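Take a look at the structure below.
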Amino acid sequence: MKHKIATVIASPVIFDLEATAKKCRGIINEAADKGASLVVFPETFLPMYPWWIWMAVDNVKRLELYERLAGESVDVHGDAFKSICYQARRRNVHVVIGLNEIGGDTLYNSQAFIDNRGDLIGLRRKLVPTGEERTLWGRGDGSDLMVLETEIGRLGGLICYENSMALSRYALYSQGLQIHVANWPGSNFKSQPRDRTRTIDTVCRFIAFEGQTFVVASSSCIGEEEVRFYHQLCPELKESFAAGGGIAAVYNPFGEPVGTPMTDREGIVYADLDLGDIRKAKHMIDCVGHYARPDVARLVIDDGGKQPVTGFTNARPQPLGFEFDD
1 MKHKIATVIA SPVIFDLEAT AKKCRGIINE AADKGASLVV FPETFLPMYP
51 WWIWMAVDNV KRLELYERLA GESVDVHGDA FKSICYQARR RNVHVVIGLN
101 EIGGDTLYNS QAFIDNRGDL IGLRRKLVPT GEERTLWGRG DGSDLMVLET
151 EIGRLGGLIC YENSMALSRY ALYSQGLQIH VANWPGSNFK SQPRDRTRTI
201 DTVCRFIAFE GQTFVVASSS CIGEEEVRFY HQLCPELKES FAAGGGIAAV
251 YNPFGEPVGT PMTDREGIVY ADLDLGDIRK AKHMIDCVGH YARPDVARLV
301 IDDGGKQPVT GFTNARPQPL GFEFDD
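Mapping to full-length UniProt numbering: the sequence shown position 319 is 319, numbers consecutive.
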């Protein structure tokens with residue numbers, strides 16, 4: 001079975017959910033016009049990735065920025081998100097997109113899976129926010145570590161450095177994963193002694209090889225609007241935070257790129273996937289089949305949702321009425 005995939009590298013309209021959702025709808029249109037059946041967007045693309053958490057910003061400013069972000073973040077029952085679902089339905093495409101999701105009064109780094117009928121068929125939250133991200137986002141649980149049956153194949157994914165979590169990857173492989181979505185933030189922010197774009201490329205190649213699956217990588221890039229905002233917020237960044245960065249790419253089950261990856265600029269990468277290639281790869285290595293040794297090592301998954309309070313029943317005290325002689 002063959003499908004055309006579109007994976008996006010783009011910058012959001014920062015602190016503007018409506019405008020970024022509008023940009024998403026335009027990209028979905030463009031990809032659908034080219035025949036794509038799946039469109040993948042970067043991590044927390046709605047409404048932005050909060051790069052300030054990695055900067056020397058005091059707590060007063062951090063709270064102000066958090067409140068701005070929370071005010072523009074995604075309620076999956078809200079109009080902005082529904083407009084993207086409607087566009088997926090209208091153009092008959094599947095969409096995977098990264099969200100700052102509001103759950104109660106907590107923000108989560110989430111992956112939304114939308115099918116070509118416009119239904120939200122999967123919503124998963126990053127299991128472990130990375131480093132300073134823990135000051136902003138809550139944590140997910142095993143209940144949404146899932147692979148989804150769709151018209152284009154069995155679809156799953158992980159977010160950013162979750163893709164380094166070997167047991168989480170294996171949990172997805174065990175469910176017959178065929179298309180793995182890896183959402184990332186991408187930038188030219190030199191906050192770590194590593195090339196972020198090369199890291200994304202290396203990790204995604206390995207997942208494709210390890211799991212004998214297709215991998216679709218989508219990351220953001222930094223736009224001029226973001227550069228101006230962060231240079232004003234933290235002037236000492238001028239030598240380490242610049243426009244560009246990021247990568248969009250698709251990898252086959254042998255760990256090789258399908259088509260040409262795009263880096264450092266906005267655009268869409270298209271790739272034609274033949275799911276039959278998975279069987280060819282698994283002839284040599286099937287990591288959850290003939291190349292597994294469950295007699296030596298096995299994975300145990302807790303897929304139950306975790307709640308901070310359990311045990312309440314539906315019974316509630318009823319008002320007890322009294323008669324009084326006034």
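Ideal Cβ positions, reconstructed from N, Cα and C, are used throughout, including at glycine.
Keep in mind it's a predicted model, so treat the numbers as computed, not measured.
Can you give the beta carbon distance from residue i to residue j, rounded, assuming they're within the 8 Å contact cut?
i	j	result
Gly245	Gly156	Contact doesn't hold; Cβ gap of about 26 Å is too wide.
Asp141	Ile102	At roughly 17 Å, the Cβ-Cβ gap does not stay under 8 Å, so Asp141 and Ile102 are not in contact.
Gly122	Leu148	5 Å
Ser218	Tyr49	Contact flag wrong, Cβ pair sits at about 12 Å.
Tyr230	Trp54	Incorrect: roughly 10 Å between the Cβ atoms, too far for contact.
Val128	Val40	The Cβ separation is near 22 Å, so there is no contact.
Ile9	Ala248	4 Å
Thr44	Asn100	5 Å
Ile207	Arg169	6 Å
Ser83	Ala21	6 Å
Quick one: using the 10 Å Cβ neighbour count with 16 as the cut-off for buried, is residue i buried or exposed?
i	result
Gln87	buried
Val296	exposed
Gly98	buried
His180	buried
Lys126	buried
Thr135	exposed
Val309	exposed
Asp33	exposed
Thr263	buried
residue 391	Any answer about residue 391 is impossible in this case: the structure gives the chain only from 1 up to 326.
Ser143	exposed
Asp195	exposed
Phe312	exposed
Ala31	buried
Ala36	buried
Leu158	buried
Gln307	exposed
Thr202	exposed
Arg293	exposed
Leu63	exposed
Gln232	exposed
Pro261	buried
Glu133	buried
By Cβ distance below 6 Å, which residues in the same chain neighbour residue i in space, the five residues on each side in sequence not counted?
i	result
Tyr161	Thr130
Leu38	Ile5, His94, Ile152
Ser240	Lys190
Gly138	Thr106, Tyr108
Ala243	Ile222, Glu224, Val227
Ala271	Ile5, Val250, Val258, Gly259
Met1	Leu275
Pro42	Gly98, Asn183, Ser218, Ser219, Ser220
Arg89	Arg117, Gly118
Thr197	Ile247, Thr263
Phe81	Val74
Would you list the one or two residues that DSSP bridges to residue i?
i	result
Asn100	Asn109
Leu158	Ala182
Pro294	Per DSSP, none; premise fails for Pro294.
Met262	Ala248
Tyr270	Ala6
Val74	Glu101
Leu46	Leu99
Ala217	Ala182, Ala249
Gly131	The partner list for Gly131 (beta bridge, DSSP) is empty, contrary to what the question assumes.
Pro257	Tyr251
Thr150	Gly153
Arg124	Gln111
Leu38	Ile5, His94
Ile222	Gly244
Starting from the C-beta of residue i, find all residues in its chain whose C-beta is less than 7 Å away, skip the five residues before and the five after it, and write them out in chain order.
i	result
Phe209	Phe254, Gly255
Gly305	Asp141, Ser143
Glu266	Ile9, Ala10, Ser11, Cys221
Ala19	Val13
Glu72	Phe15, Asp16, Leu17, Pro47
Leu167	Leu299
Asn252	Ala208, Phe214, Val258, Asp277
Leaving out five residues before and five after residue i in sequence, what residues of the same chain have Cβ atoms less than 8 Å from its Cβ?
i	result
Leu145	Arg124, Leu127, Ser168, Ala171, Leu172, Ile301, Asp303
The region 207–222 in contact with the region 4–12 per 3-pair CB rule at 8 Å: Yes: the two stretches touch, three or more of their Cβ pairs being nearer than 8 Å.
Validate contact between the region 274–291 and the region 168–181 using beta carbons, cut 8 Å, 3 pairs: As far as the Cβ criterion goes, the region 274–291 touches the region 168–181, which means the pair count is three or higher.
Any 3 or more C-beta pairs closer than 8 Å across the region 24–39 and the region 49–64: The region 24–39, when compared against the region 49–64, does not touch it at the 8 Å Cβ threshold.
Three CB pairs or more closer than 8 Å across the region 8–18 and the region 223–232: Counting Cβ pairs under 8 Å, three or more are found: they touch.
Given 8 Å, three or more beta-carbon pairs between the region 296–306 and the region 267–287: Cβ pair count under 8 Å is below three, so no.
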